[in-house]
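Novice: First, the structure itself, so that you have it in front of you.
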Amino acid sequence: MFYPIIEDGDVFYFETDTHNKVSVEFSDLTNLFESVFPIFCVDIYRTQNTERVNEFYGTKTRDTIVKIIKEFFDRYDCALVAFIDTSTDKKGRARNRLFQSWFDKFGRDDFLIEPREIVFSESESYSFLIIRKSYGNALALVEAFDRFIKLANEPEG
C-alpha cells in the first residue's frame, strides 16, 4: 500500500496518515562525478512535521519511498548516490541502518549498493552508491564514486 504521490519534476511529495509531508528529491550529479553515465543524488526529507511520529519506520512510508526510487531508476536508467548526514540530529547511524534494511529487503537481487563513510567537519556521515547489477560499466561508476569520497574526505586547506 502506498501514499498518493505528487510529482514536480525530479521532486516527489506525499503526505502520511498523520499529515506529515515527505519529499524525495533527485539532483543530477553527473558532471560533479565527471561521468558519462547519469548519476543522481537522492535526498529524503520530512518537509512538514505536524506529529512527532517517526513514520520512516512505517511500512506505508517505506513502501512509498522505495516505489519512488525504483520508478526513478526505471525512468532514467541511472546510478543513485545517497548521503546521510549525522551532524544535524545525531540520528544518521539509525538512518544508515534503516536504509540498509530497506535495500536488503527490496533491492538485493537487482541492485548493488556500495556504502562509504565521509567525514565533514569532524562529523562522520554515510553515503551509498546504488547501481543495477546489470550495468556493464559498474566498476567505472564505483571508481568515480570512490574518487569523489576520497576528495570529500581530504582535509580542507
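Under the working numbering, the very last position in the sequence shown is 301; numbers go up by exactly one each time. Note that CB positions come from ideal geometry on N, CA and C, so glycine has one too.
(1) Could you give the distance in angstroms between the alpha-carbon of residue 282 and the alpha-carbon of residue 248?
(2) Taking three-plus beta-carbon pairs below 8 Å as touching, is the region 162 to 175 in contact with the region 184 to 191?
(3) Only counting the same chain, and skipping five residues up and downstream in sequence, which positions put a Cβ closer than 8 Å to that of residue 215?
(4) I'd like to confirm the pairing. Which residues does DSSP put opposite residue 158 in its beta bridges?
(5) Distance check for residue 294 and residue 157, CA to CA, integer angstroms please.
(6) Please state if the CB of residue 258 and the CB of residue 286 are separated by a distance shorter than 7 Å.
(7) With 16 as the cutoff for other CB atoms within 10 Å, does residue 260 come out buried or exposed?
(8) Output needed for residue 222: all residues of its chain with C-beta closer than 7 Å, excluding positions within five of it in sequence on either side, in chain order.
(9) Compare the Cα-Cα distances from residue 269 to each of 253, 237 and 149 and report the closest residue.
(10) If you draw a straight line from the C-alpha of residue 211 to the C-alpha of residue 145, how long is it?
Specialist: On the basis of the coordinates in this document:
(1) Walking along the sequence shown from the start, residue 282 turns up at place 138. Walking along the sequence shown from the start, residue 248 turns up at place 104. When only Cα atoms are considered, residue 282 and residue 248 end up about 19 Å apart.
(2) Proximity of the region 162 to 175 to the region 184 to 191 meets the contact definition, three or more beta-carbon pairs being nearer than 8 Å.
(3) Numbered from 1 along the sequence shown, position 71 holds the residue referred to as residue 215. None.
(4) Residue 158 sits at position 14 when you count from the first residue of the sequence shown. BP columns for residue 158 point to 166.
(5) Here the question's residue 157 lines up with position 13 in the sequence shown. Here the question's residue 294 lines up with position 150 in the sequence shown. The C-alpha of residue 294 is placed about 33 Å away from the C-alpha of residue 157.
(6) Position 142 of the sequence shown, counted from the start, is the residue given in the question as residue 286. Position 114 of the sequence shown, counted from the start, is the residue given in the question as residue 258. Taking 7 Å as the Cβ cut-off, residue 286 and residue 258 qualify as a contacting pair.
(7) Locating residue 260 in the sequence shown gives position 116, counting from the first residue. With 16 or more neighbouring CB atoms inside 10 Å of its own CB, residue 260 falls in the buried class.
(8) Working through the sequence shown from its first residue, we reach residue 222 at position 78. The residues are 182, 183 and 184.
(9) For the purposes of this step, residue 269 is taken as residue 125 along the sequence shown, with counting starting at 1. Looking at 253, 237 and 149, the one whose alpha-carbon comes closest to that of residue 269 is 237.
(10) Translated into positions along the sequence shown, residue 211 becomes position 67. Translated into positions along the sequence shown, residue 145 becomes position 1. In a straight line, the C-alpha of residue 211 is about 10 Å away from that of residue 145.
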